[in-house]
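Residue numbers (the numbering used here): 25 to 72.
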C-alpha cells in the first residue's frame, strides 16, 4: 500500500481493517515487528 498527500508519504504492508501500515517506511524512518517469544526460563550451572 502507498499513501501520499501533502507532507504525508508512506508505503508498507497493511492488514485488512488496519488504518496504517504495520510494516512500512517513509523518508525518515522504517518500522516493522518481530515474532517475540517470552524468555521465561534461565539455566545456571554451579561448580562446587
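From the three backbone atoms N, C-alpha and C, an ideal C-beta is built for every residue, glycine too.
Query raised in the report: Just the Cα atoms here: how many angstroms apart are residue 71 and residue 57?
Result: Spanning the two alpha carbons is a distance of roughly 40 Å.
Query raised in the report: Do the CB positions of residue 41 and residue 25 come within less than 8 Å of each other?
Result: A distance of 8 Å or more separates the beta carbons of residue 41 and residue 25.
**Report entry** Residues bridged to residue 53 (per DSSP)
**Finding:** Answer by DSSP bridge pairing: none, since residue 53 is not bridged.
Query raised in the report: From what residue to what residue does the beta strand (DSSP E) around residue 27 run?
Result: Secondary structure note for residue 27: its beta strand (DSSP E) is the uninterrupted segment 26 to 29.
Query raised in the report: Are the beta-carbon atoms of residue 78 and residue 50 separated by less than 8 Å?
Result: The structure shown does not extend to residue 78, since the chain is modelled only from 25 to 72, so the question has no answer here.
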